[in-house]
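Everything on this sheet refers to the single structure shown next.
Number of protein chains: 6
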Amino acid sequence: MPILTLSQMVAGQEADLFLLMTAKEQLTTREGKPYFRVGFRDSGREVVFPIWDNSPWAVDCRDKWTPGAFYKVRGVYRETNYGPQLDIRKIRETCDADAADGFSPTLCLPQSRFDPEQMFDELLQIAGERIAEPALRGLVEGILTENRAAVLRMPAARHNHHAFVGGLLEHTLSVTRTAVYLADKYAEYYPEMAPPLDRSLVAAGAILHDIGKLRELDQRPEGTVYSAAGALVGHLLQGRDMVREAAAGSDIPPESLLRLEHLIIAHQRLPEWGSPKPPMTPEALIVHYCDDLDAKFAMMVAILQTDTNPGPVTSKKNILMQHVYRGEEGIRD
Amino acid sequence: MPILTLSQMVAGQEADLFLLMTAKEQLTTREGKPYFRVGFRDSGREVVFPIWDNSPWAVDCRDKWTPGAFYKVRGVYRETNYGPQLDIRKIRETCDADAADGFSPTLCLPQSRFDPEQMFDELLQIAGERIAEPALRGLVEGILTENRAAVLRMPAARHNHHAFVGGLLEHTLSVTRTAVYLADKYAEYYPEMAPPLDRSLVAAGAILHDIGKLRELDQRPEGTVYSAAGALVGHLLQGRDMVREAAAGSDIPPESLLRLEHLIIAHQRLPEWGSPKPPMTPEALIVHYCDDLDAKFAMMVAILQTDTNPGPVTSKKNILMQHVYRGEEGIRD
Amino acid sequence: MPILTLSQMVAGQEADLFLLMTAKEQLTTREGKPYFRVGFRDSGREVVFPIWDNSPWAVDCRDKWTPGAFYKVRGVYRETNYGPQLDIRKIRETCDADAADGFSPTLCLPQSRFDPEQMFDELLQIAGERIAEPALRGLVEGILTENRAAVLRMPAARHNHHAFVGGLLEHTLSVTRTAVYLADKYAEYYPEMAPPLDRSLVAAGAILHDIGKLRELDQRPEGTVYSAAGALVGHLLQGRDMVREAAAGSDIPPESLLRLEHLIIAHQRLPEWGSPKPPMTPEALIVHYCDDLDAKFAMMVAILQTDTNPGPVTSKKNILMQHVYRGEEGIRD
Amino acid sequence: MPILTLSQMVAGQEADLFLLMTAKEQLTTREGKPYFRVGFRDSGREVVFPIWDNSPWAVDCRDKWTPGAFYKVRGVYRETNYGPQLDIRKIRETCDADAADGFSPTLCLPQSRFDPEQMFDELLQIAGERIAEPALRGLVEGILTENRAAVLRMPAARHNHHAFVGGLLEHTLSVTRTAVYLADKYAEYYPEMAPPLDRSLVAAGAILHDIGKLRELDQRPEGTVYSAAGALVGHLLQGRDMVREAAAGSDIPPESLLRLEHLIIAHQRLPEWGSPKPPMTPEALIVHYCDDLDAKFAMMVAILQTDTNPGPVTSKKNILMQHVYRGEEGIRD
Amino acid sequence: MPILTLSQMVAGQEADLFLLMTAKEQLTTREGKPYFRVGFRDSGREVVFPIWDNSPWAVDCRDKWTPGAFYKVRGVYRETNYGPQLDIRKIRETCDADAADGFSPTLCLPQSRFDPEQMFDELLQIAGERIAEPALRGLVEGILTENRAAVLRMPAARHNHHAFVGGLLEHTLSVTRTAVYLADKYAEYYPEMAPPLDRSLVAAGAILHDIGKLRELDQRPEGTVYSAAGALVGHLLQGRDMVREAAAGSDIPPESLLRLEHLIIAHQRLPEWGSPKPPMTPEALIVHYCDDLDAKFAMMVAILQTDTNPGPVTSKKNILMQHVYRGEEGIRD
Amino acid sequence: MPILTLSQMVAGQEADLFLLMTAKEQLTTREGKPYFRVGFRDSGREVVFPIWDNSPWAVDCRDKWTPGAFYKVRGVYRETNYGPQLDIRKIRETCDADAADGFSPTLCLPQSRFDPEQMFDELLQIAGERIAEPALRGLVEGILTENRAAVLRMPAARHNHHAFVGGLLEHTLSVTRTAVYLADKYAEYYPEMAPPLDRSLVAAGAILHDIGKLRELDQRPEGTVYSAAGALVGHLLQGRDMVREAAAGSDIPPESLLRLEHLIIAHQRLPEWGSPKPPMTPEALIVHYCDDLDAKFAMMVAILQTDTNPGPVTSKKNILMQHVYRGEEGIRD
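Protein chains in written order, with the working numbering: chain A, 192 to 524; chain B, 192 to 524; chain C, 192 to 524; chain D, 192 to 524; chain E, 192 to 524; chain F, 192 to 524.
The following block contains the structure:
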């Protein structure tokens, strides 16, 4: 039996899969028939389906299966109007030996298309090259290095955009690249600015703008949730906290620190998006636009990939709350 | 010559006054005539008037008078449609000996009608009696005591409400009294709440909700202005900073600290008023309402006292952006 | 067989219950199977479940059971993901003799936790003590006394808050208590107000602010609905009507009457909440805040009691349209 | 010396005029020079100008001239960038004999271009012909007849539109004509409506939609102001009061009365324009549109007549808060 | 067997029908049972129901039935809480011979109650009589005549109002009639306007205000959808395009053309409704109001006909997002 | 006497200047004193000052000076609180010979800091290199070339940003550079997009997004105003017109043309900013962000250069309607 991923399967095909259990919920049909609604996923797709009372798996499901655990599953793939499902033929928890067949827990979660280690190194390199002021550079490098493990894994959001392993890093690197480009450009356009545009600050701010997500979100195998502090305070303020904690005792000039704090809390611009202040410095303005475009672009790409509305435009029921044009050449997968 | 205050004078009267110079601006009339626009104030009133080029005070005004300095002035009081003015007959800077005549710098600024020392003591007493949890009580008492001098003087805002010496304290005490009353009331109404309403938290939150104004505002003799950090970050976040700094190393339960931080940043409720999160706990909800009513009530009282619009209602051009009803019995001062 | 209430039962338990039928709807499954969806409730809980075509109760349900009627039911209690349900074993309409077993129609509706008679007496007492102006006091006492029966029973709203027998009274008394406290407080804070804060008006306004609900809502055993005039005109205007009708021919000073009318129509403050005018008097401002806090606090308590979202915060899909923080100590019932 | 009106005069011309004094305000220039700012008007134009301290009229102005009184003035007309002014040569209060020269107090206020008596008769005639239900017709005719004197004079608003003697009547008649036309039209278009479109109600509602302005506004010679009740309650509710008072004891069907009350309070549609309910009946929808168009059209005509902004469009600083296109053919007067 | 329409049938009745197939969707129940969801309609009603796997029609449905094709169906009519359904007894595609029994494709779509040919002629007649300027009249007549076939059939919108064959024409004629009435009226009211109200422009603008719908919408037998250009550009701009194309090379005065273009793009007034400019001319203002009322009135009539909410008002879940009053006399069909 | 520009002069200095007259308005002081308010400017600064009745220039000013004409002026520079002014000593219209002293009309208007010819060439070069599709490239090159003269001169707006000669070109080039950078970047990030990101379209759209300003604005020596069509239709639609006119008869694929038209009308994103549709394609999204950032950045730079508010932040009364942080290092010119 071949070992495949869910994305590789076609309707009716049988194969072995390494899957993460994402959900198990005890429910009852309107007619009173009890069943479990279970979910499994690997890096590219998720299946959700019922285990009926009279299924041969009913007892195991109830007593043994655990969300957050990993399973080797033999199953037949089906496509229904309730989404993709699986007929389970065999199932057992994964074991060490499965590594030989290519199993690794992180392979069961959606992943950035880019290598996290490489992205991390590039981010560090930009910090090293683009932040001229030593104390500020030290602060940025310090925060990255100390949170390396979390930065390599964290998604950028629970649902809205870059919601996959390494998503925060992918988004941050993209924002930083654009921000560095624009800082150079506008510093050249407006040499008369007083004080001059602070390119170090733009780079530092772009790298750290979403760093508070490390505290706001709580990443678990079965899904990412808000931490209590994340819900009550939010990543803008938490990111500023991380900067202030790292700056304590450093030589970073107070004016630079203040502008960096401001940039972080202002980067969402609108109060209804959570920013208590709008961007009040040119540096904060640049980072806001880089961030906003990168998130909105990712959303639009995702909408074009997943929307199934017939006709030339997608439905309006998406994260952008608007139609997106698919075009006549658009091929939906 | 009697020593009076500006509020005691009637049009045409001459007297000696102890005044703070609040403004000196060099201007030119449309016809090209140069003059200085100067301002003086004591606790109850401000006068603003021109010193023309041909005035006997023109040279002294230009070379010697300094905003923020205190003067003994002999003058004749006038009322004009540009507001109250003063014809200066004599003027000199105040000296130590003036104390014997009752001069004190704080008498030249608008004051709370209540004694700051007494208000401060009452606030400390409420903290002592109403905050059951010792570490939380210690944190509140510590913050108050360490900032005693500033708390005794600070206004609650630059213009909007309680904009006078001791205004922050007056507002805070009023909010705290109402909050304590309501916490008792609703704890009794809803004994089934789980967790129960945290009355200690309500008291602590009410006392500290605006504490960040000590960092947001910069109180100078000639007027209160925003500090750089106040403009870029704001008092909600700065108040939370003060609490976090004071809590470092203390025994305060993390859950209590988090709820207190949330209460402070959420107390203005609406994002467009600067709160990045709405009140998400019953305690934060109570403090928000106490604060909002106290501020709005003070605004309405001030509008009724100062508006000069004819007819039964005031103008809409005020801080509430609405008509206020003066009533037929209303006597305008 | 024990006589219990729905709230006392655990899954699988059988007992006798006195229940009000709240709904009977003839429906068809997607597969074309016809059934009745029926609802029953007592003071603490409601059960909704299907009566299938092949049920022994199918004919009785169709021909005899009537929404709004009361039944003695023997049933087995079940908990499903469609909410609590009941397996009916026996059912008959209630009769006079059931009173001996503790049955009373009002016991089948959710009730205020406070005794209506006692709340009514306290409200009257506040009117008597706190409204100094005799004609105004007479007007308030008259309206309360003439509508005593309705006031004792009416909910404060159909769904939003205090939606139970006596809810209007519970809410009104709570608002009045806070309003009286705040009127005393602010009258003392601002003795210079001209005209002085009218504490009689605050008490009268707090007592009558929602009185129009007696005309807006139509309370029936099976649920509260809007009356035609309630839908087309609304309780703010209807409450003002009741005051104007009661004031006709009385000695109430026109200025007091006008301020009271204004207070009632302005108490929701925002035009989008139905107030054609914002609070334009200090008295109206106070009553608005007391009312708004009392309603929002009740909503937040209810959300914390009923939300079943996992994690530290509730869902946003509630009457406040925001997350509420449950906290780590929070125990959900 | 010819007797003219202000509109007939050209710059530099001298003439006799019958004028109403509209304003007298005691002011001081920035340089301390005292003066009176006075206003006079007749039906077509207003002049506002200073009476300086050294004017021969200074003492009379201070001691004798009274806003609201009528004067025969001989003056020279001037046009300045502060608007049209008058050099007074002679001035005395009007006397009975001036009637012989054509003076009448109402000639000193801006007037509807249509004869009020004739408009009133036409409105009564429409009520008689278009309101089929006798009790409803009687109610409308009764309200009009009892308020005949006020209806003949009242403006439709203080500033916004139809702000002249007879303006309420002109606006009401125009709205009623359109409403009657549309009621006939849509009754014919949608004969299947159940209940059928109530054409009597449309006519009655159109005639009475703004009747509350008689109570909201207080028309004085020197200008129209809000009454206290107008400010605190507003003409929508006051118009409904007038209808309810007139309906007391009549045979008008409760359903018709309720729909009429609703139509009046809903005719401004948006809550921010003061309507506590949107139009919820087809009849209310029709009257809203007739009213809104008639007011907006009058505003646009007035803007085109008075705006002096250069270029193809008017300024945005007008009651519609938008540019209006003047066009190349547009000739400004 | 009688030949009926769906609207003529009562529950349980069997008849022959000529129907258009509107939908065929392959679905699966939650339990994994596959089925087709099919829809059929004639001019007055639509039925939607499942074809189960074990139905005798399952194979034909899968292989032969085609949305957009016409069928002669013998069926039994059923009413369920999922809406009206049909038990198919016989089914075949229509053939030429069916014309003898009254079949015509257009009879299978909802129709305007008015004869399209007659409406078209009246619209042309208004153009001929009411547009005085020859080049403008020629332009309007030309556009109508060249698009005659499409104008006779097009609905005014996909769902919101006049969503039936001839709906655009019915709406346009109604708007034009009112606009012509109002243009005459206001031209008479304001003879002093400079330039005078352009009645030709009002008529032309009313006739052409929605003409861009011919390009925005793509009318197919199975339903109307947005064209790609309609989605990306919209009918306001497309209507202006049609006018500009028709005007190329004509003698139409540039000022008239410009005002007509403006009228078309401004006729929805609010930017959030798609108008890039508000009505800036009196002519555009009139057409906006005629259009808005005609659409809203049709919506309200439709809501009253279709809403099934119990009680005196409809649900708020409708295109107007508000309650509509049904009234006590209201009989729901 | 030296020949200087206004920006080179210091208070009290006398020099010769080449100036454009920008304004001449006949006014009267409050005291009735008549005067002319005149304005003159060169590339870097504008002076506005009164010519009094008794000035030696009064008659010449009234009879000869003309806004839009150029003058050689000898004057003394003064700085007042009404802004910079000039005491005219000599004045005459410029003549051909002045060219020898460096006079050229365009030097009297504010200029882009970049050479227009060079910017134009770069824009053409980008079009040539970055638009792969030949017909689309031809269309863009054609529009640029045909409008070369206007493109070289036009400002990007009347006031808001880039309001100087060559401003439209400077802004367009900056937007295009960023857009080309981002198109490359996101095409690389999302290679799986179907259809792939159209980089030609991004380049074409960036170049043409504001091209309609050539029709919207009417550039005159004395200032830029809206054309009639600009006011009634606006540059978004006018830019789309220019593209459609240029595309008529070309081989440009309809799908590309449609996407380009959409990009232009959607580039301001929000309906309240004039876009009838939001960006519905990834290409339109990119251009919107490039445009918005470039405009906002220019506004913020201008605010920092011109605001004179004391303290760490600027006033809120600016085009961004918010405070901008000046910082402690900020030196105001």
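Glycine included, every Cβ here is placed at the ideal spot set by N, Cα and C.
Identify, in the order they occur along the chain, each residue of the same chain with its Cβ nearer than 7 Å to the Cβ of L315 of chain A, setting aside the five sequence neighbours on each side.
For L315 of chain A, the CB contacts under 7 Å within the same chain, skipping 5 residues up- and downstream, are E332 and L335 in chain order.
Using 8 Å as the limit for Cβ to Cβ distance, is H400 of chain A near chain F?
At a cut-off of 8 Å, the C-beta of H400 of chain A has no neighbouring C-beta in chain F.
Tell me whether V356 of chain D is buried or exposed, calling it buried when 16 or more other Cβ atoms sit within 10 Å of its Cβ.
So V356 of chain D ends up on the buried side.
Which of helix, strand or coil does DSSP assign to G396 of chain D?
DSSP places G396 of chain D in helix when its eight states are reduced to three.
Simplified DSSP state of P225 of chain F, which is helix, strand or coil
Secondary structure at P225 of chain F: strand, using DSSP grouped into helix, strand and coil.
Report the neighbours of M384 of chain E on chain D: residues whose CB is nearer than 9 Å to its CB, in chain order.
V492, L495 and Q496, listed in chain order.
Give the straight-line distance between the Cα atoms of L484 of chain E and P346 of chain D, rounded to the nearest whole angstrom.
When rounded, the distance between both Cα atoms is 27 Å.
So what does DSSP say about V331 of chain F, is it helix, strand or coil?
Secondary structure of V331 of chain F (DSSP, three-state): helix.
For V393 of chain E, would you say it is in contact with chain F, using Cβ-to-Cβ distances shorter than 8 Å as the test?
By the rule that beta-carbons nearer than 8 Å mark a contact, V393 of chain E does not touch chain F.
May I ask which residues mark the beginning and end of the beta strand (DSSP E) holding M384 of chain C?
Per DSSP, M384 of chain C lies in no beta strand (DSSP E) and is assigned neither H nor E.
Using a beta-carbon distance below 8 Å, is E446 of chain F in contact with chain A?
Yes, E446 of chain F counts as interfacial toward chain A.
Is G203 of chain C helix, strand or coil when you go by DSSP?
Residue state, collapsed to three classes: coil.
Put V356 of chain C into one of helix, strand or coil per three-state DSSP.
Residue state, collapsed to three classes: strand.
Using a Cβ-Cβ cut-off of less than 8 Å, give me the residues of the segment 461-495 of chain E that come near chain D, in sequence order.
When C-beta distances to chain D are compared with 8 Å, the residues of the segment 461-495 of chain E below that value are P469, M471, T472, P473, L476, I477, Y480, D483, L484, K487, F488, M491, V492 and L495, in chain order.
Closest residue to E337 of chain C among C:V434, C:R283 and C:D389 (Cα-Cα distance)
Comparing Cα-Cα distances from E337 of chain C to each of C:V434, C:R283 and C:D389, the minimum goes to C:V434.
How far does the beta strand (DSSP E) with T285 of chain E in it reach, from first residue to last?
Counting along the chain, T285 of chain E falls outside any beta strand (DSSP E), and DSSP gives it neither H nor E.
Could you tell me whether the Cβ atoms of G235 of chain D and S198 of chain D are closer together than 8 Å?
Cβ distance < 8 Å, so G235 of chain D and S198 of chain D count as in contact.
Report yes or no: do three or more beta-carbon pairs, one from the segment 504-521 of chain D and one from the segment 396-413 of chain D, lie closer than 8 Å?
Output reads no: the segment 396-413 of chain D does not touch the segment 504-521 of chain D.
Chain E contact residues for G421 of chain A, given Cβ-Cβ distances below 7 Å:
Those within 7 Å of G421 of chain A in chain E number zero; the least Cβ separation is about 33 Å.
Would you grab the beta carbon distance between A202 of chain F and Y268 of chain F for me? Rounded to a whole angstrom, and I think it's under 8 Å.
Between A202 of chain F and Y268 of chain F, the beta carbon gap of about 6 Å places them in contact (Cβ cut-off 8 Å).
Chain E beta carbons: is any one of them nearer than 8 Å to that of L408 of chain C?
For L408 of chain C, the answer is no, since every Cβ of chain E falls outside 8 Å of its Cβ.
What are the boundary residues of the alpha helix (DSSP H) that includes E407 of chain D?
That run of the alpha helix (DSSP H) goes K404 to E407.
List the residues of chain C whose Cβ lies closer than 8 Å to the Cβ of Y417 of chain A, in chain order.
The contacting residues are G502, P503 and V504.
Which word fits V229 of chain B, buried or exposed, when buried means at least 16 other C-beta atoms lie within 10 angstroms of its C-beta?
With 16 or more Cβ atoms within 10 Å of its Cβ, V229 of chain B is classed as buried.
Can you list, in chain order, the residues of its chain whose CB lies under 6 Å from that of M490 of chain D, leaving out five sequence neighbours each side?
Taken in chain order, the residues that qualify are H352, I510 and L511.
Bridge partners - M212 of chain D, DSSP secondary structure assignment
For M212 of chain D, the beta-bridge partners assigned by DSSP are D:F231.
Take A378 of chain A as the anchor and find which of A:R344, A:G430, A:E413 and A:I477 has the nearest alpha-carbon.
Per the Cα distances, A:I477.
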